[in-house]
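Chains P and V are the protein sequences, given in the same order. If you're matching positions, the first sequence starts at 1 in the working numbering and goes up one per residue. If you're matching positions, the second sequence starts at 1001 in the working numbering and goes up one per residue. Beta carbons: idealized from backbone N, C-alpha and C, even for Gly. Have a look at the structure below before the remarks.
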Amino acid sequence: MSLKPGEVNLGTTIMAVEFNGGVVIGADSRTTTGSYIANRVTDKLTMVHDRVYCCRSGSAADTQAVADIVHYYCQMYSTQHGEAPAVKVAAAMFQELCYQNKDNLMAGIIVAGWDKHKGGSVYSIPLGGSLHKQPFAIGGSGSSYIYGYCDAAYRHNMTAEECVAFTKNAIALAMSRDGSSGGCIRLAVITEAGVERIFVPGNELPTFFEG
Amino acid sequence: MSIMAYNGASVVAMKGKNCVAIASDRRFGVQALTVSCDFQKIFKVNDRLFYGLAGLGTDVQTLSERFRFKSNMYKLREERDLEPKTFAHMVSSTLYEKRFGPYFVEPVVAGLDKKGEPFVCSTDLIGCINFAKDFVVAGTASQNLYGMCETVWREDLEPEELFEAVSQALLNAVDRDCLSGWGAVVHIITPEKIITRTLKGRMD
Chain P
1 MSLKPGEVNL
11 GTTIMAVEFN
21 GGVVIGADSR
31 TTTGSYIANR
41 VTDKLTMVHD
51 RVYCCRSGSA
61 ADTQAVADIV
71 HYYCQMYSTQ
81 HGEAPAVKVA
91 AAMFQELCYQ
101 NKDNLMAGII
111 VAGWDKHKGG
121 SVYSIPLGGS
131 LHKQPFAIGG
141 SGSSYIYGYC
151 DAAYRHNMTA
161 EECVAFTKNA
171 IALAMSRDGS
181 SGGCIRLAVI
191 TEAGVERIFV
201 PGNELPTFFE
211 G
Chain V
1001 MSIMAYNGAS
1011 VVAMKGKNCV
1021 AIASDRRFGV
1031 QALTVSCDFQ
1041 KIFKVNDRLF
1051 YGLAGLGTDV
1061 QTLSERFRFK
1071 SNMYKLREER
1081 DLEPKTFAHM
1091 VSSTLYEKRF
1101 GPYFVEPVVA
1111 GLDKKGEPFV
1121 CSTDLIGCIN
1131 FAKDFVVAGT
1141 ASQNLYGMCE
1151 TVWREDLEPE
1161 ELFEAVSQAL
1171 LNAVDRDCLS
1181 GWGAVVHIIT
1191 PEKIITRTLK
1201 GRMD
């Protein structure tokens, strides 16, 4: 399944990490049409409910459409149940759409957030529409380059600040090597208290060995 | 993906007042993966003549070796330096020899002739020469470079102004291209000296 002519690609590196009390999510900001950078300041972290966000990779149109539908379903859920949907519930909504329409979609999504039952949770939904609950998840074309780094650097029971540094470093490394990822890093820390957005411009990225 | 875009590259050359500039990015990649950031794409023929090659990396290296051979032989036989226009025709013939199995490169030539007149030109992959009076561009960010050059270039730029113009044109063009960038190299050629500067750009 490849992009149709003229279709826009979220090349991308996306990531989410769970900690005690919430999650940290992060993404780069590059959208490409072929090799042209159509948007260098994209926001790939999309709200589907007050404390549930998704990180989008793959086709920009497909992921926007799917996220909009899940956003609608979450609003209906919270109205009908009188409480916010759990992260698991939102992830199941994404899974239903991604699995049943797998032939027509190119969407790699990470769902992450906080709910009162389980605290922070991260769910990965790769191309086929399977669901994977993980302590941390990486996705997008840039993720291939940071599997080793993430496996080596991850420790369980990290604090929120450590998770932010872990996510920032991993995404910066991927942005350096992957042509389809770049721009700036957008992060968000989601806890019971709310959603804190962090913006890291290109000139403040952590630097590593540069060829 | 096009074979010309497999490794990724961008080159630009501009005319100034009694000087020329030639600049390129430094990236070498394999499609989306960046492999190294110090790949040479601009080569010196003599103190007044440089050329750049954008396109498939292996052909950039092979052609630079072939041109080194041909220009050395010219110098030995003719007992004089190559003129830019002559070298441009040498490039053109070398590429046309392979008309039905071409080198996948877009060369850019920049230099000063024996009277000190600035000269720039580019050719396509089979040797059609474009003699420009202002600037020439090549590579995966060529369309971005056209826009930037049309904006920043003016006639009779002094060497320092020309450096600013060519640097801004290249840096901003490659920042909108996934396959070019990761640093840049700029050469300014004047009758007295060559000024070479390596620029640190965005490394993404």
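What does ARG186 (chain P) reach in chain V if we use C-beta pairs closer than 9 Å? The residue given as residue 186 (chain P) occupies position 186 in the first sequence. One finds nothing in chain V with a Cβ atom closer than 9 Å to the Cβ of ARG186 (chain P); even the nearest lies about 14 Å away.
Thinking C-alpha only, which one of V:GLU1192, V:ARG1048 and V:TYR1103 is nearest ASP1124 (chain V)? Here residue 1124 (chain V) refers to the residue found at position 124 when the second sequence is read from its first residue. Nearest of V:GLU1192, V:ARG1048 and V:TYR1103 to ASP1124 (chain V), Cα basis: V:TYR1103.
Is it the case that the Cβ atoms of TRP114 (chain P) and VAL52 (chain P) are separated by a distance below 9 Å? Taking the first residue of the first sequence as 1, we reach residue 114 (chain P) at position 114. Taking the first residue of the first sequence as 1, we reach residue 52 (chain P) at position 52. Result yes, Cβ atoms of TRP114 (chain P) and VAL52 (chain P) sit closer than 9 Å.
3 or more residues per run - each beta strand (DSSP E) lying fully within the region 1121-1203 of chain V: Listed in chain order, they are 1129-1132, 1135-1139, 1184-1189 and 1194-1199.
Under DSSP, the alpha helix (DSSP H) around ASP1081 (chain V) begins and ends at which residues? By one-based count along the second sequence, residue 1081 (chain V) stands at place 81. Premise fails: ASP1081 (chain V) is in no alpha helix (DSSP H) and is neither H nor E.
With distance defined between alpha-carbon atoms, name the residue in V:ASN1007, V:CYS1019, V:ASP1047 and V:LEU1033 nearest to LYS1041 (chain V). As a working mapping, residue 1041 (chain V) is identified with position 41 in the second sequence. When the alpha-carbon of LYS1041 (chain V) is set against those of V:ASN1007, V:CYS1019, V:ASP1047 and V:LEU1033, the nearest one is in V:ASN1007.
Spatially closest choice to TYR36 (chain P) from V:ALA1005, V:GLU1065 and V:CYS1037, by CA coordinates: Residue mapping note: residue 36 (chain P) aligns to position 36 of the first sequence, counting from 1. Measuring from the Cα of TYR36 (chain P), the nearest candidate turns out to be V:ALA1005.
I want to see whether chain P comes within less than 9 Å of GLY1008 (chain V), judged by CB atoms only; does it? Locating residue 1008 (chain V) in the second sequence gives position 8, counting from the first residue. True, the Cβ-Cβ gap to chain P drops below 9 Å.
Is LEU27 (chain P) helix, strand or coil by DSSP? Sequence index remark: in the first sequence, residue 27 (chain P) carries index 27 (1-based). The sequence shown places Ala at residue 27 (chain P), rather than the Leu named in the question. Residue state, collapsed to three classes: strand.
What is the residue span of the beta strand (DSSP E) that SER1036 (chain V) lies within? The residue given as residue 1036 (chain V) occupies position 36 in the second sequence. Run containing SER1036 (chain V): 1033-1036, per the beta strand (DSSP E) assignment.
Where does SER1071 (chain V) fall in DSSP's three states? Taking the first residue of the second sequence as position 1, residue 1071 (chain V) is located at position 71. Collapsing the DSSP output to three states places SER1071 (chain V) in a helix.
Helix or strand or just coil, what does DSSP make of CYS55 (chain P)? Reading the first sequence from its first residue, position 55 is the one you call residue 55 (chain P). The three-state secondary structure of CYS55 (chain P), taken from DSSP, is strand.
Selection of the region 150-181 of chain P by Cβ proximity to chain V, strictly under 9 Å: Result list: ALA172, MET175, SER176, ARG177, ASP178, GLY179, SER180 and SER181.
C-beta atoms of ARG40 (chain P) and THR12 (chain P) nearer than 9 Å: Within the first sequence, the letter at position 40 stands for residue 40 (chain P). Within the first sequence, the letter at position 12 stands for residue 12 (chain P). Going by C-beta atoms, ARG40 (chain P) is not nearer than 9 Å to THR12 (chain P).
With which residues is TYR1051 (chain V) paired in a DSSP beta bridge? Looking up residue 1051 (chain V) in the second sequence gives position 51. Paired residue(s): V:PHE1043 and V:VAL1109.
For the beta strand (DSSP E) that HIS49 (chain P) lies in, which residues bound it at each end? Along the first sequence, read from residue 1 onward, the residue named residue 49 (chain P) stands at position 49. Counting along the chain, the beta strand (DSSP E) containing HIS49 (chain P) begins and ends at 45-49.
With distances taken from CA atoms, which of V:THR1140, V:LYS1115 and V:TRP1182 is nearest GLY211 (chain P)? Here residue 211 (chain P) refers to the residue found at position 211 when the first sequence is read from its first residue. Here the closest residue by C-alpha is V:TRP1182.
Shorter than 9 Å from the beta carbon of SER141 (chain P) to some beta carbon of chain V? The residue labelled residue 141 (chain P) in the question sits at position 141 within the first sequence. Taking Cβ atoms only, chain V reaches closer than 9 Å to SER141 (chain P), which makes this a yes.
For ILE185 (chain P), count the other beta carbons within 10 Å of its own beta carbon; 16 or more makes it buried, fewer makes it exposed. Which is it? Working through the first sequence from its first residue, we reach residue 185 (chain P) at position 185. Its Cβ being crowded by 16 or more others within 10 Å, ILE185 (chain P) is buried.
Inter-residue CB distance, PHE1028 (chain V) and PHE1039 (chain V) (contact presumed, cutoff 8 Å): Position 28 of the second sequence, counted from the first residue, corresponds to residue 1028 (chain V). Position 39 of the second sequence, counted from the first residue, corresponds to residue 1039 (chain V). Between PHE1028 (chain V) and PHE1039 (chain V), the beta carbon gap of about 4 Å places them in contact (Cβ cut-off 8 Å).
Closer than 8 Å is the cut-off here; do at least three beta carbon pairs connect the region 1169-1183 of chain V with the region 1142-1150 of chain V? Touching, per the Cβ criterion.
Out of curiosity, what's the CA-to-CA distance linking ALA86 (chain P) and ALA153 (chain P)? For the purposes of this step, residue 86 (chain P) is taken as the residue at position 86 of the first sequence. For the purposes of this step, residue 153 (chain P) is taken as the residue at position 153 of the first sequence. The C-alpha of ALA153 (chain P) is placed about 29 Å away from the C-alpha of ALA86 (chain P).
Supposed contact pair VAL1137 (chain V) and VAL1120 (chain V) - C-beta distance, whole angstroms, cut 8 Å: Counted from its first residue, the second sequence places residue 1120 (chain V) at position 120. Counted from its first residue, the second sequence places residue 1137 (chain V) at position 137. Not a contact, Cβ separation roughly 10 Å.
Less than 9 Å between the beta carbons of ALA1054 (chain V) and VAL1105 (chain V), yes or no? Indexing the second sequence from 1 puts residue 1054 (chain V) at position 54. Indexing the second sequence from 1 puts residue 1105 (chain V) at position 105. Yes, they are a contact pair.
Would ASP28 (chain P) count as contacting chain V if we go by Cβ distances under 9 Å? Translated into positions along the first sequence, residue 28 (chain P) becomes position 28. Taking Cβ atoms only, chain V reaches closer than 9 Å to ASP28 (chain P), which makes this a yes.
Based on Cα-Cα distance, which residue from V:ASP1047, V:ILE1126 and V:THR1198 lies nearest to ASP1059 (chain V)? Reading the second sequence from its first residue, position 59 is the one you call residue 1059 (chain V). Put simply, of V:ASP1047, V:ILE1126 and V:THR1198 the residue whose alpha carbon is nearest the alpha carbon of ASP1059 (chain V) is V:ILE1126.
Can you give the beta carbon distance from GLY129 (chain P) to TYR99 (chain P), rounded, assuming they're within the 8 Å contact cut? By 1-based counting over the first sequence, the position of residue 129 (chain P) is 129. By 1-based counting over the first sequence, the position of residue 99 (chain P) is 99. Their Cβ separation, rounded to whole angstroms, is 3 Å, which keeps GLY129 (chain P) and TYR99 (chain P) in contact under 8 Å.
Where does PHE1100 (chain V) sit, in a helix, a strand or coil, going by DSSP? Here residue 1100 (chain V) refers to the residue found at position 100 of the second sequence. Taken through DSSP and simplified to helix, strand or coil, PHE1100 (chain V) comes out as coil.
Tell me whether LYS168 (chain P) sits in a helix, a strand or coil according to DSSP, three-state version. By 1-based counting over the first sequence, the position of residue 168 (chain P) is 168. Reduced to three states, the DSSP call for LYS168 (chain P) is helix.
Compare the beta carbon distance of ALA1021 (chain V) and LEU1162 (chain V) with 9 Å and say whether it is the shorter of the two. Residue 1021 (chain V) sits at position 21 when you count from the first residue of the second sequence. Residue 1162 (chain V) sits at position 162 when you count from the first residue of the second sequence. Against a cut-off of 9 Å, the Cβ pair of LEU1162 (chain V) and ALA1021 (chain V) comes out as a contact.
Starting from THR1034 (chain V), find everything on chain P with Cβ-Cβ shorter than 8 Å and list it in chain order. One-based indexing of the second sequence puts residue 1034 (chain V) at position 34. In chain order: SER176, ARG177, ASP178, GLY179 and GLY211.
Go to VAL1030 (chain V), then tell me how far its beta strand (DSSP E) extends in each direction, as first and last residue. Here the question's residue 1030 (chain V) lines up with position 30 in the second sequence. Segment 1028-1030, the beta strand (DSSP E) holding VAL1030 (chain V).
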